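**Q**
Numbering (the working numbering), first residue to last: 1 to 254.
Written out as structure tokens, the structure reads:
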């Protein structure tokens with residue numbers, strides 16, 4: 001992404017003419033930088049499908065506002081100031097710095113989303129946001145909340161059926177691998193619901209299903225394990241009753 005570059009030359013033109021020409025020069029060259037920002041956003045979306053989940057318009061608006069602020073600030077008073085060149089250099093550098101920060105943000109966005117996306121990746125993107133990106137920040141924070149919920153599920157935490165369905169339906173663009181993971185988890189929840197509500201299910205069937213549940217789904221494994229224990233209790237009770245009966249019979253024989 002290009003930044004605005006220039007050099008100062010002496011002139012005998014009228015101050016009003018100099019101011020007009022300077023403002024036209026800076027305006028035209030700032031427009032080039034703004035177009036570069038637009039092109040960089042387009043490239044980011046071309047390279048990264050995940051970027052389609054976000055509206056980057058605000059980034060363009062930030063540099064446009066910087067340009068408007070500069071042109072409004074650049075007056076005859078500034079032109080005739082003894083420190084004219086230093087003052088302008090400082091303001092132009094602020095404009096260039098804004099453009100560079102946007103470039104760095106977009107580069108970081110691509111890097112952080114080039115592999116498996118998680119909460120830490122989203123947080124890194126948020127930290128690299130240019131100043132004034134409030135709308136984009138809200139979008140990213142919402143995405144962070146989504147991935148935080150997903151991480152709870154993938155780490156085996158408690159999850160209700162409604163939340164799981166919602167997360168699958170709202171899976172972001174470019175997250176097909178994640179969607180498949182959630183759909184696989186849903187299959188286990190469906191199977192568990194089917195078996196745990198079936199009064200005729202046997203202990204052997206539950207044990208066989210339990211052995212297929214991934215270790216990461218701790219809450220689901222616990223539910224199935226508890227169901228197995230409940231089925232074992234009557235068997236243990238009957239065994240104890242038989243033992244007691246045998247003991248009584250042996251005493252009678254004595």
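Think of the CB as a built atom: it goes at the ideal place given N, C-alpha and C, for glycine as much as any other residue. All figures in this text were calculated on a predicted structure; none of them were measured in a lab.
Can residue 95 and residue 61 be called in contact, C-beta distance under 7 Å?
**A** Counting from 1 along the chain shown, the entry for residue 95 is found at position 95. Counting from 1 along the chain shown, the entry for residue 61 is found at position 61. It is not a contact, given that the beta carbons lie outside the stated cut-off.
**Q** Excluding the 5 residues flanking residue 219 on each side, which residues of the same chain have their C-beta closer than 8 Å to its C-beta?
**A** Reading the chain shown from its first residue, position 219 is the one you call residue 219. These residues qualify, in order along the chain: 156, 157, 158, 159.
**Q** Determine whether the beta carbon atoms of residue 144 and residue 168 lie at a separation below 7 Å.
**A** As a first step, residue 144 is located in the chain shown; it is residue number 144 there, counting from the start. As a first step, residue 168 is located in the chain shown; it is residue number 168 there, counting from the start. No, they are not a contact pair.
**Q** Just reading off the alpha helix (DSSP H) that residue 119 is part of, what are its end residues?
**A** Taking the chain shown and counting its residues from 1, the one referred to as residue 119 is at position 119. Looking at the DSSP string, the run of the alpha helix (DSSP H) that includes residue 119 is 119-127.
**Q** When burial is assigned at 16 or more other CB atoms within 10 Å of the CB, is residue 241 buried or exposed?
**A** Numbered from 1 along the chain shown, position 241 holds the residue referred to as residue 241. The pLDDT assigned to residue 241 is 46, lower than 50, so where the model puts this residue is not dependable, and the model offers no usable value.
**Q** Give the straight-line distance between the Cα atoms of residue 179 and residue 171, rounded to the nearest whole angstrom.
**A** Start at 1 with the first residue of the chain shown, and residue 179 comes out as number 179. Start at 1 with the first residue of the chain shown, and residue 171 comes out as number 171. Cα to Cα, the separation comes out at about 6 Å.
**Q** Nearest-angstrom Cα distance between residue 56 and residue 42?
**A** The count along the chain shown starts at 1 and reaches residue 56 at position 56. The count along the chain shown starts at 1 and reaches residue 42 at position 42. If you take the alpha carbons of residue 56 and residue 42, they lie about 10 Å apart.
**Q** In this structure, does DSSP put residue 59 in helix, strand or coil?
**A** Here residue 59 refers to the residue found at position 59 when the chain shown is read from its first residue. If DSSP states are grouped into helix, strand and coil, residue 59 belongs with the helices.
**Q** Pull up the CB-CB distance for residue 130 and residue 102, whole angstroms please, since I reckon it's below 8 Å.
**A** Counting from one through the chain shown, the residue named residue 130 turns up at place 130. Counting from one through the chain shown, the residue named residue 102 turns up at place 102. With 8 Å as the limit, residue 130 and residue 102 qualify as a contact, their Cβ atoms being about 5 Å apart.
**Q** Tell me which residue opens and which closes the alpha helix (DSSP H) that residue 163 is part of.
**A** Position 163 of the chain shown, counting from 1, holds the residue named residue 163. 161-169 is the extent of the alpha helix (DSSP H) around residue 163.
**Q** Please name the residue in 100, 86, 20 whose C-alpha comes closest to that of residue 63.
**A** Position 63 of the chain shown, counting from 1, holds the residue named residue 63. Out of 100, 86, 20, 100 has the C-alpha closest to the C-alpha of residue 63.
**Q** Have a look at 23, 200, 110, 32 and flag the residue whose alpha-carbon is nearest the alpha-carbon of residue 91.
**A** Translated into the one-based positions of the chain shown, residue 91 becomes position 91. Per the Cα distances, 23.
**Q** Entirely within the region 162-212 and at least 4 residues each: give me those alpha helix (DSSP H) ranges in chain order.
**A** Runs of the alpha helix (DSSP H) inside the region 162-212: 176-196, 203-210.
**Q** Check whether the region 14-28 and the region 107-118 are in contact - that is, three or more C-beta pairs closer than 8 Å.
**A** The region 14-28 is not in contact with the region 107-118.
**Q** Are there three or more Cβ pairs, one per stretch, closer than 8 Å when the region 184-193 is compared with the region 219-230?
**A** Yes, they touch.
**Q** If we count the other Cβ atoms within 10 Å of its Cβ and call it buried at 16 or more, is residue 80 buried or exposed?
**A** Within the chain shown, the letter at position 80 stands for residue 80. That one is exposed.
**Q** Keeping to the same chain, check which residues put their C-beta closer than 6 Å to that of residue 231; ignore five residues upstream and five downstream.
**A** If you number the chain shown from 1, residue 231 lands on position 231. Same-chain partners within the cutoff: 203.
**Q** Check residue 73 in the structure and name its three-state DSSP category.
**A** By one-based count along the chain shown, residue 73 stands at place 73. Looking at residue 73 - three-state DSSP - the assignment turns out to be helix.
**Q** Tell me which same chain residues have a C-beta within less than 7 Å of the C-beta of residue 76, skipping the five on either side of it?
**A** Numbered from its first residue, the chain shown carries residue 76 at position 76. Only 15, 19 meet the Cβ criterion.
**Q** Pick helix, strand or coil for residue 116, following the three-state DSSP scheme.
**A** Stepping through the chain shown from its first residue, residue 116 is reached at position 116. In the structure shown, residue 116 sits in coil (DSSP, three-state: anything other than H, G, I, E or B).
**Q** Write down the C-beta distance between residue 276 and residue 196 rounded to the nearest angstrom, noting that I regard them as a contact closer than 8 Å.
**A** As shown, the chain starts at 1 and ends at 254. That puts residue 276 outside it, with no answer to give.
**Q** Which residue comes first and which comes last in the alpha helix (DSSP H) that contains residue 134?
**A** Looking up residue 134 in the chain shown gives position 134. Element bounds for residue 134: 134-154.
**Q** What is the rounded straight-line gap between the Cα of residue 183 and the Cα of residue 116?
**A** As a working note, residue 183 is residue 183 in the chain shown. As a working note, residue 116 is residue 116 in the chain shown. Cα to Cα, the separation comes out at about 17 Å.
**Q** Which residue wins for smallest C-alpha separation from residue 165, given the options 140, 74, 48, 186?
**A** By one-based count along the chain shown, residue 165 stands at place 165. Closest option to residue 165, Cα to Cα, is 186.
**Q** Measuring only the C-alpha atoms, how far is residue 175 from residue 140?
**A** Within the chain shown, residue 175 is the residue found at index 175, counting from 1. Within the chain shown, residue 140 is the residue found at index 140, counting from 1. Cα to Cα, the separation comes out at about 15 Å.
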